[in-house]
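Student: Take a look at the following structure, please.
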Amino acid sequence: MIEDAPDVKVKRKIIFVDDEPNVIQGLRRMLHGMRGEWEMVFAGSGKEALGHLEQEKFDVIISDMRMPGMDGAQLLSEVRERYPNMVRIVLSGQSDEETVIRSIGPTHQYLSKPCDANTIKATVARACSLRDFLRDEKLQHCVASMKSVPSLPSLYVRLLEELRSPSPSIAKVGEVISSDVGMTAKILQLVNSAFFGINRHVSSPTQAVNFLGLETIKALVLSAQAFSQFEKEELPAHLTSNLWNHSVAAGSYAKTITRLEGASGEISDHAFLAGLLHDIGKLVLAVNFRDTYDEVLQLAETERVSLAVAESKLLGVTHAEVGGNLLGLWGLPNAIMEAVTFHHYSDGCPEESFTPLTAVYMANILQHEIEPRGSESEQHIDLDYLDRLGLTSRIDTWRDACRNLVNKGDQ
Ligand SMILES: [Fe+2]
Ligand SMILES: [Fe+2]
């Protein structure tokens, strides 16, 4: 049979779980044409699915949420524990909010029923290629098993205080979330999911809070699955003292640059969010490889190289790639993922026009230049990249505008 021929590329192994025989039937029929690329197994319950997983290795699990016995949230938590590098997708109809909140930790992406074959195909393909990009299995595990990216404890406490106050304000909650990398990433994962039916572009964490409502945010914070704060010794102090300020500033620099270029509102929003999230990979790596990351920081300092260079040397991957990878796996828009992934090596990006990446690339460099902190070595502007885009002459305008932003903030 052709499927067994040795030169045929390895098929993805996907397990579908749903207690409704009709749904399983429908999926079988709809995905019949995928048999050449996927090996599919269909299970009628969480228990049955776990049985299959014990027997053989799968790449992806796509599960219903509401099922008798073990529900989707429980099943995916179990899968996350036992097989951390599997891609975990929910395919569900209406679910109650409590179940959704419980599932947000272990779920990478949500699809809602009814879902067409192309959407399932595209979601699986994107998630698998992202996971495969990290060739090292340990890295795959660490990114795929992240439930949340830890927040700055002071911001976490401020968020709790605001939510527990007699009349919490959406604006204040949005403001706290916009100051934190981990909370922003998680909230964007949620609003980009099909669960909440928000099929429109979300411009900022505050707007996301507005859509989701304060009750949902409260449930998210209290569930301990979605948001978390890091413990004192968990992250190197050298990293935490600078990262939050740098990220928030990079977000507003990136937004300013897009406005100067007359870019659309969507490009500008994506640039702002990507600027805020661009260094999220540093947190992922530092939390998972605490000791090696100390060495990375040290190497960057003693050899006067950028963190990205030191990370490549010691970990074989950069924080930019890891961060972009996590955000992609969580289903954030491509433009954000691309800007985060390539923010140090703009050359790797195939785009030849002004994109959020251009803004984030420059925002990161200008932020280090205008507000130098710590000893992270300066990165030089890649003039080839900007020449290709015909934007070299704009650098001074961008620099001046960002400098003004800082001066205004100081007043
Ligand atoms: Fe960076
Ligand atoms: Fe940065």
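Letter 184 of the sequence shown, counting from 1, is numbered 244 in my numbering, and no numbers are missing. The beta-carbon is built from N, C-alpha and C at its ideal position, and this holds for glycine as well. None of the values given here were measured: they were computed from a predicted structure.
Work out the CA separation of Leu113 and Ser301 for me, nearest whole Å.
Tutor: Working through the sequence shown from its first residue, we reach residue 301 at position 241. Working through the sequence shown from its first residue, we reach residue 113 at position 53. Roughly 43 Å separates the two Cα atoms.
Student: I'd like to confirm something about Ala331: is its beta-carbon nearer than 7 Å to some heavy atom of ligand 1, or not?
Tutor: Position 271 of the sequence shown, counted from the start, is the residue given in the question as residue 331. No, Cβ of Ala331 sits at least 7 Å from all heavy atoms of ligand 1.
Student: Would you mind sorting His261 into buried or exposed? The rule is 16 or more other CB atoms within 10 Å of its CB.
Tutor: For this step, residue 261 is matched to residue 201 along the sequence shown. Exposed is the call here.
Student: Quick one: residues in its chain with C-beta nearer than 6 Å to the C-beta of Ala395, no 5 flanking neighbours on either side, listed in chain order?
Tutor: By 1-based counting over the sequence shown, the position of residue 395 is 335. If we look at Ala395 and ignore the five residues flanking it on each side, its Cβ neighbours are His330 and Pro416.
Student: Got a sec? Which residues, its chain only, sit under 7 Å from Leu215 by beta carbon, not counting five neighbours each side?
Tutor: Translated into positions along the sequence shown, residue 215 becomes position 155. These residues qualify, in order along the chain: Val236, Ser239 and Asp240.
Student: Could you name the residues, in chain order, whose CB is less than 5 Å away from a heavy atom belonging to ligand 2?
Tutor: Asp339 and Asn424
Student: Considering only heavy atoms of ligand 1, does any lie closer than 7 Å to the CB of His440?
Tutor: Residue mapping note: residue 440 aligns to position 380 of the sequence shown, counting from 1. The answer is no for His440.
Student: Using DSSP with H/G/I as helix, E/B as strand and the rest coil, what is Gln194?
Tutor: As a working note, residue 194 is residue 134 in the sequence shown. Residue identity check: residue 194 is Leu in the sequence provided, not Gln. Three-state DSSP puts Leu194 in coil, outside helix and strand.
Student: Could you tell me the alpha carbon to alpha carbon distance between Cys409 and Met422, rounded to whole angstroms?
Tutor: Working through the sequence shown from its first residue, we reach residue 409 at position 349. Working through the sequence shown from its first residue, we reach residue 422 at position 362. About 14 Å.
Student: Is any heavy atom in ligand 1 found nearer than 7 Å to the beta carbon of His403?
Tutor: Locating residue 403 in the sequence shown gives position 343, counting from the first residue. Yes, the beta carbon of His403 sits closer than 7 Å to at least one heavy atom of ligand 1.
Student: Helix, strand or coil for Gln169, going by three-state DSSP, please let me know.
Tutor: Residue numbering aside, residue 169 sits at position 109 when the sequence shown is read from its first letter. Strand, per DSSP.
Student: In or out: Ala231 buried (at least 16 other Cβ within 10 Å) or exposed?
Tutor: Within the sequence shown, residue 231 is the residue found at index 171, counting from 1. When all chains shown are included, Ala231 counts as exposed.
Student: Nearer than 7 Å: is that true of the beta carbon of His379 relative to any heavy atom of ligand 1?
Tutor: Within the sequence shown, numbered from 1, the residue matching residue 379 stands at position 319. Indeed, a heavy atom of ligand 1 lies less than 7 Å from the Cβ.
Student: Flag this pair as touching only if the region 162-169 and the region 201-220 have three or more C-beta atom pairs under 8 Å; answer yes or no.
Tutor: yes
Student: Just curious, the beta strand (DSSP E) that Ser123 is in, first and last residue?
Tutor: As a working mapping, residue 123 is identified with position 63 in the sequence shown. Start and end: Val120 to Ser123.
Student: Where Ile180 and Ser152 are concerned, what is the direct C-alpha to C-alpha distance, given to the nearest angstrom?
Tutor: Translated into positions along the sequence shown, residue 180 becomes position 120. Translated into positions along the sequence shown, residue 152 becomes position 92. For the pair Ile180 and Ser152, the Cα-to-Cα distance works out to about 12 Å.
Student: Does the Cβ of Ala368 lie closer than 7 Å to at least one heavy atom of ligand 1?
Tutor: Taking the first residue of the sequence shown as position 1, residue 368 is located at position 308. Yes, Cβ of Ala368 sits closer than 7 Å to a heavy atom of ligand 1.
Student: Find out if the Cβ-Cβ distance for the pair Ile75, Val101 is shorter than 8 Å.
Tutor: By 1-based counting over the sequence shown, the position of residue 75 is 15. By 1-based counting over the sequence shown, the position of residue 101 is 41. Yes, these two residues count as a Cβ contact at 8 Å.
Student: Using a Cβ-Cβ cut-off of 6 Å (strictly less than) and excluding sequence neighbours within five positions of Glu63, which residues of its own chain qualify?
Tutor: Counting from one through the sequence shown, the residue named residue 63 turns up at place 3. Residue placement at Glu63 cannot be trusted, given a pLDDT of 44 that sits under 50; the coordinates are not used to answer.
Student: To the nearest angstrom, how far is it from the Cα of Pro144 to the Cα of Lys198?
Tutor: Within the sequence shown, numbered from 1, the residue matching residue 144 stands at position 84. Within the sequence shown, numbered from 1, the residue matching residue 198 stands at position 138. Answer to the nearest angstrom: the Cα atoms are 10 Å apart.
Student: Report yes if the CB atom of Asn385 is closer than 8 Å to the CB atom of Leu190, and no otherwise.
Tutor: As a position in the sequence shown, residue 385 is number 325, starting the count at 1. As a position in the sequence shown, residue 190 is number 130, starting the count at 1. Yes. Within cutoff.
Student: Helix, strand or coil: which one does DSSP assign to Gln439?
Tutor: Counting from 1 along the sequence shown, the entry for residue 439 is found at position 379. Coil, per DSSP.
Student: Thr457: buried (16+ other C-beta within 10 angstroms of its C-beta) or exposed?
Tutor: By one-based count along the sequence shown, residue 457 stands at place 397. Exposed, because fewer than 16 other Cβ atoms sit within 10 Å of the Cβ of Thr457.
Student: DSSP puts Glu99 in a beta bridge; with which residues?
Tutor: On the sequence shown, position 39 is the one that residue 99 refers to. Looking at the DSSP assignment, Glu99 forms a beta bridge with Lys73.
Student: Please classify Arg148 as buried or exposed, where buried requires at least 16 neighbouring CB atoms within 10 angstroms.
Tutor: The sequence position of residue 148 within the sequence shown is 88, counting from 1. Buried, because 16 or more other Cβ atoms sit within 10 Å of the Cβ of Arg148.
Student: With contact counted as at least three CB pairs below 8 Å, one residue from each stretch, are the region 220-229 and the region 266-286 in contact?
Tutor: yes
Student: Just checking my contact of Tyr313 with Gly335 at CB under 8 Å: how many whole Å lie between their CB atoms?
Tutor: Counting from 1 along the sequence shown, the entry for residue 313 is found at position 253. Counting from 1 along the sequence shown, the entry for residue 335 is found at position 275. Contact flag correct, Cβ pair sits at about 7 Å.
Student: Touch check for the region 342-361 and the region 286-297: three-plus C-beta pairs under 8 Å?
Tutor: yes
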